[in-house]
Amino acid sequence: MKLLLRQDAYYTEAPEGVYLVTHKGPAMLGGGSVHGLLLRLVPYLDGRYTLDELTEGLAEERRGPVTRLIRALMARGAIQRVDRPEEVPGRDEESFLGYFLSSGRDSFARYQATRTEVGGDGALLAEVVAAARRSGLRHVGVSGDLDPAEADLVLYVSEHPREETTRRVAELCAATGTPLAQAFILDGELWYGMLDWTTLTRRLTARPHSSPRPGAGLADPGTGRAIGARQFVHQVFRTVTAVSTPRPGRVTRFDVATLARQEHAVLRHPFALDVAPAGEEAFLATLASRREAPPLDGETLSQRAAPCADDRLGVFGPPDEGDFIQLPLNVCQIAVSDPVGLLGTSPQVIGTGLDFATARYTAALRAFAVYGSLMVDPRLLLNADGSPFTDNADAGLTALRDAVSRHQATAERSLSGVETGAVHAALRNGGGHQVADGRALSGTETGGVHVALREGGAEGGGVHVRGYSLAGGGVRLVPVGVAFPLLSRIPVAGPYRVPEGVASGYSWDEAVLAGVLAQVRRLTLEELSGPVRRLDQSQVTMDATGERYRSMLTAMREEVVAGDLTGSLGVPTVVCRAGRSEGVASGLTYAEALRDAMRDTLLGLQSRMHAQPAYAPSDLAEMQLTAPPDLAEMQPIASLDLAEMQLTAPPDLAEMPLKDAAPVEPSWRRVAEVAEIAAALAARGADLVVVPLDHDPEVSLAMPNTVHVVLLHD
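Counting from 1489, one number per residue, gives the positions in the sequence shown under the working numbering.
Rendered as structure tokens:
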């Protein structure tokens, strides 16, 4: 191919050789004689000669320097290749395309011939039409009734977009295979790219933000709109000419007031996808593949989480340390979206660690878990007979919440002579088992309230989701209110607390274990009564992380006391107290339980020391737990978040007597197993069931290990 020196390549002599500036940036070409050689070459770099033709007839000692100089100029973007001398760019567009393509002239000619239909409304429509024609398009039609079959390209723009219209345009273009580019103005911002309306609006509303103030920008709306239209058409120009390919999962935001432009990551919203519940065999096959998949590492987790994180359209926001003091533990916060509007706000999760990276990884795992607990797609739910609940996402979600609400109301009305509104108030206010008239509830009535609330919020009007029984090893239908407790609409004051048993992990087994231990911890605290036996910490050797926690607590000069809370399940459960901070954790071993309890205790001390309550673990006194009847008599409880319901408080652990420390007996060194825990609960009539929280297909590809481990009563 012929060699052409680009018109915007600049060079000058320098002490070291030649200082060169191209579209790739500045560069230095070294050598005392290189400037003189370049001056002699320039007249021949006009698109008429190839490299071989330029060096033909040169002596060997001269051919080498000429070849090296030409290759250096090509590598730095100063020389482009052209097929024919007449391909030397004439128009600016041809010159621009020549930087990226072998023939800018041919590419621009194809672009000019592209039949383009433009539709939409508002002043933005006129600006886009004008920009499209200025870009070189010769066939630009404007129609209120788009016909993609007669076009090579469709541009749809709107200042007042309507979902039914945008969806119809997308369906017409998909049916004919016509490329579609869209641009919408929402709250003073122009969003454009190869996007779909459902994803854009749902992701935006899932992450509430403050709208820009009118008049606060640099440009008037008309000027900003015109510039935004040109930016949009320029992206279309680059895409159609194959200069660049739109990055998957990316859209552009242009502020018409400030003229600021930013690219945003976005995953398609589940409601923009065609989905249906998988059959039982496919469900089991998916679980098997997730169990067999190798564990993720921190770097892989970070790479997978990156497309999910965005400050405006993300499944969750970017990790943020804010003004948190990173001592002794590193602390990170992530805001999570509310994908289907169950909360109406954006919950926050906290991750901690002994280093910066671990804190971020932990926060990302918790963000995936919280998102999974909020993302319910009614099209993936089943009726009691196994048939699909609905094929309409929006209508199905409304019907689902109504069904759960009606079932809960029915359960409440069945309470024997108890004013349910007063019961709710009494329970939430932590005022003991008393109703509005001051009458104390009997034990029978109290149990009835608990059962009615649990079952009423859990049954979901006969709607279910598939789960996997850890004891039986088979598929079990789980009431949707158990899998997604927020659907019960029990009003909750304060920040969102992820339901017990919801977890994400580096592996499937890790997530399941975390969910199981969360349920064990809750059950153990519920049956807690009497004095707590002190645990001799010196007899418990932890891993390196646990020992770091221990040394940090020691350095904070607070007396550290540990107690053994292990209950009837026999799963090691430990409370750790230092000063006014407490942590409780269950583990497969006492070492693991003590380590995690120390972590929460340390975090509580750190929060108090720096007066930063945002990341403080919940105090046990605030959890307001109550000891229920014997575990064998318990009803399904996964739909009832005890931390949120504020039930009657037990004696403060800080006031509970600790027995004298005893040596660690051999039984204390036992290692619990998930299968053993499941079997113990099954013997008492409670089934541990794993519900995959995978209602967002694209998020599940990034993080397949998100579960809700629930308890069902046989």
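A virtual CB, placed ideally from N, CA and C, is assigned to each residue, including glycine.
Cα-Cα separation between residue 2137 and residue 2011, rounded to whole angstroms: Position 649 of the sequence shown, counted from the first residue, corresponds to residue 2137. Position 523 of the sequence shown, counted from the first residue, corresponds to residue 2011. With a pLDDT of 35 at residue 2137, under the threshold of 50, the modelled position of this residue cannot be trusted; read the value that follows with caution. Approximately 15 Å between the Cα atoms of the pair.
Distance, residue 2104 Cα to residue 1817 Cα: Here the question's residue 1817 lines up with position 329 in the sequence shown. Here the question's residue 2104 lines up with position 616 in the sequence shown. Rounded to whole angstroms, the gap between the alpha carbons of residue 1817 and residue 2104 is 12 Å.
Whole beta strand (DSSP E) elements within the stretch 1581-1618, 3-residue minimum: Annotation note: the stretch 1581-1618 contains the following uninterrupted beta strand (DSSP E) runs of length 3 or greater, listed N- to C-terminal: 1603-1608.
Cβ neighbour criterion (16 or more within 10 Å) applied to residue 2035: What you label residue 2035 is simply residue 547 of the sequence shown in a count that begins at 1. By the neighbour-count rule (16 or more Cβ atoms within 10 Å), residue 2035 is not buried but exposed.
Which residues DSSP lists as bridging residue 1742, in chain order: Counting from 1 along the sequence shown, the entry for residue 1742 is found at position 254. Its beta-bridge partners are 1678, 1749.
Cβ neighbour criterion (16 or more within 10 Å) applied to residue 1880: For this step, residue 1880 is matched to residue 392 along the sequence shown. So residue 1880 ends up on the exposed side.
Inter-residue spacing [alpha-carbon to alpha-carbon] between residue 2198 and residue 1697: As a position in the sequence shown, residue 2198 is number 710, starting the count at 1. As a position in the sequence shown, residue 1697 is number 209, starting the count at 1. Looking at the two C-alpha atoms, the distance is approximately 34 Å.
Same chain, Cβ closer than 7 Å to residue 1999, five either side skipped, listed in chain order: Position 511 of the sequence shown holds residue 1999. These residues qualify, in order along the chain: 1991, 1992, 1993, 2193, 2194, 2195.
Of the listed residues 1787, 1964, 2100, nearest to residue 1870 (C-alpha basis): Counting from one through the sequence shown, the residue named residue 1870 turns up at place 382. Out of 1787, 1964, 2100, 1964 has the C-alpha closest to the C-alpha of residue 1870.
C-beta contact flag for residue 1804 and residue 1855 at 7 Å: Numbered from 1 along the sequence shown, position 316 holds the residue referred to as residue 1804. Numbered from 1 along the sequence shown, position 367 holds the residue referred to as residue 1855. In this structure, residue 1804 sits near residue 1855, with a CB-CB distance shorter than 7 Å.
Segment contact flag, the stretch 1722-1737 with the stretch 1775-1792, C-beta cutoff 8 Å, min 3 pairs: The count of Cβ pairs closer than 8 Å, one atom from the stretch 1722-1737 and one from the stretch 1775-1792, stays below three, leaving the stretches out of contact.
Validate contact between the stretch 2166-2173 and the stretch 1953-1968 using beta carbons, cut 8 Å, 3 pairs: Contact holds: three or more Cβ-Cβ distances are below 8 Å.
Nearest residue (CA-CA) to residue 1874, options 1952, 2006, 1837: Reading the sequence shown from its first residue, position 386 is the one you call residue 1874. Of the candidates 1952, 2006, 1837, the residue whose Cα lies closest to the Cα of residue 1874 is 1952.
Cβ neighbour criterion (16 or more within 10 Å) applied to residue 1549: In the sequence shown, the residue the question calls residue 1549 occupies position 61. Residue 1549 is classed as exposed because its beta carbon has fewer than 16 other beta carbons within 10 Å across all chains shown.
Buried/exposed call for residue 1751, threshold 16 Cβ in 10 Å: In the sequence shown, counting from the first residue as 1, residue 1751 sits at position 263. In summary, residue 1751 is exposed, with fewer than 16 beta-carbon neighbours lying within 10 Å of its beta-carbon over all protein chains present.
Residue 1954 - containing beta strand (DSSP E), residue span: Within the sequence shown, residue 1954 is the residue found at index 466, counting from 1. From DSSP, the beta strand (DSSP E) with residue 1954 extends over 1951-1957.
Cβ-Cβ distance between residue 1821 and residue 1838 below 7 Å: One-based indexing of the sequence shown puts residue 1821 at position 333. One-based indexing of the sequence shown puts residue 1838 at position 350. Going by beta carbons, residue 1821 and residue 1838 fall inside the 7 Å limit.
Alpha carbon of residue 1735 to alpha carbon of residue 1554, nearest angstrom: The sequence position of residue 1735 within the sequence shown is 247, counting from 1. The sequence position of residue 1554 within the sequence shown is 66, counting from 1. Distance between the alpha carbons of residue 1735 and residue 1554: 39 Å.
Cutoff 8 Å; reference residue 1754; Cβ partners in own chain excluding five residues on either side: Position 266 of the sequence shown, counting from 1, holds the residue named residue 1754. If we look at residue 1754 and ignore the five residues flanking it on each side, its Cβ neighbours are 1683, 1687, 1688, 1691, 1737, 1738, 1739, 1798, 1801, 1802.
Test item: CB-CB of residue 1599 and residue 1509 under 7 Å: The sequence position of residue 1599 within the sequence shown is 111, counting from 1. The sequence position of residue 1509 within the sequence shown is 21, counting from 1. No. Outside cutoff.
Under the three-state DSSP convention, the category residue 1859 falls into: For the purposes of this step, residue 1859 is taken as residue 371 along the sequence shown, with counting starting at 1. Here DSSP, grouped into helix, strand and coil, assigns residue 1859 to helix.
Residue 1786 (DSSP reduced to helix, strand or coil): Your numbering for residue 1786 matches position 298 in the sequence shown. DSSP, read as helix, strand or coil, puts residue 1786 in helix.
C-beta contact flag for residue 2060 and residue 2078 at 7 Å: On the sequence shown, residue 2060 is found 572 positions in, with the first residue counted as 1. On the sequence shown, residue 2078 is found 590 positions in, with the first residue counted as 1. Contact flag set, yes.
Short Cβ contact (7 Å threshold) for residue 1612 with residue 1636: Within the sequence shown, residue 1612 is the residue found at index 124, counting from 1. Within the sequence shown, residue 1636 is the residue found at index 148, counting from 1. Contact: no.
Check whether residue 1741 and residue 1685 have beta carbons under 7 Å apart: Counting from one through the sequence shown, the residue named residue 1741 turns up at place 253. Counting from one through the sequence shown, the residue named residue 1685 turns up at place 197. Judged by beta-carbon spacing, residue 1685 lies beyond the 7 Å limit of residue 1741, meaning their Cβ atoms are not closer than that value.
Buried versus exposed, by CB contacts within 10 Å (16 or more), residue 2161: Here the question's residue 2161 lines up with position 673 in the sequence shown. Flag for residue 2161 reads exposed.
Opening and closing residue of the alpha helix (DSSP H) in which residue 1660 lies: Residue mapping note: residue 1660 aligns to position 172 of the sequence shown, counting from 1. Segment 1651-1664, the alpha helix (DSSP H) holding residue 1660.
Test item: CB-CB of residue 1825 and residue 1662 under 7 Å: Along the sequence shown, read from residue 1 onward, the residue named residue 1825 stands at position 337. Along the sequence shown, read from residue 1 onward, the residue named residue 1662 stands at position 174. Going by beta carbons, residue 1825 and residue 1662 fall outside the 7 Å limit.
Extent of the continuous alpha helix (DSSP H) to which residue 1717 belongs: The residue labelled residue 1717 in the question sits at position 229 within the sequence shown. For residue 1717, the enclosing alpha helix (DSSP H) stretches over residues 1709-1728.
Whole-angstrom distance between residue 2025 and residue 1860, CA atom to CA atom: Within the sequence shown, residue 1860 is the residue found at index 372, counting from 1. Within the sequence shown, residue 2025 is the residue found at index 537, counting from 1. One C-alpha to the other measures close to 37 Å.
CA-to-CA distance, residue 1673 to residue 1499, given in whole angstroms: Taking the sequence shown and counting its residues from 1, the one referred to as residue 1499 is at position 11. Taking the sequence shown and counting its residues from 1, the one referred to as residue 1673 is at position 185. Going by C-alpha positions, residue 1499 is about 44 Å away from residue 1673.
Check whether residue 2074 and residue 2089 have beta carbons under 7 Å apart: Taking the sequence shown and counting its residues from 1, one reaches residue 2074 at position 586. Taking the sequence shown and counting its residues from 1, one reaches residue 2089 at position 601. It is not a contact, given that the beta carbons lie outside the stated cut-off.
Unbroken alpha helix (DSSP H) run spanning residue 2187, endpoints: Working through the sequence shown from its first residue, we reach residue 2187 at position 699. Unbroken alpha helix (DSSP H) run through residue 2187: 2185-2190.
Cβ contact (3+ pairs, closer than 8 Å) linking the stretch 1620-1630 and the stretch 1587-1595: The stretch 1620-1630, when compared against the stretch 1587-1595, does not touch it at the 8 Å Cβ threshold.
For residue 1566 and residue 1493, believed in contact at Cβ under 8 Å, the rounded distance: For the purposes of this step, residue 1493 is taken as residue 5 along the sequence shown, with counting starting at 1. For the purposes of this step, residue 1566 is taken as residue 78 along the sequence shown, with counting starting at 1. The pair is a contact, with the Cβ atoms about 6 Å apart (cut-off 8 Å).
Rounded C-alpha distance that separates residue 1849 from residue 1872: Here residue 1849 refers to the residue found at position 361 of the sequence shown. Here residue 1872 refers to the residue found at position 384 of the sequence shown. Rounded to whole angstroms, residue 1849 and residue 1872 show a C-alpha spacing of 39 Å.
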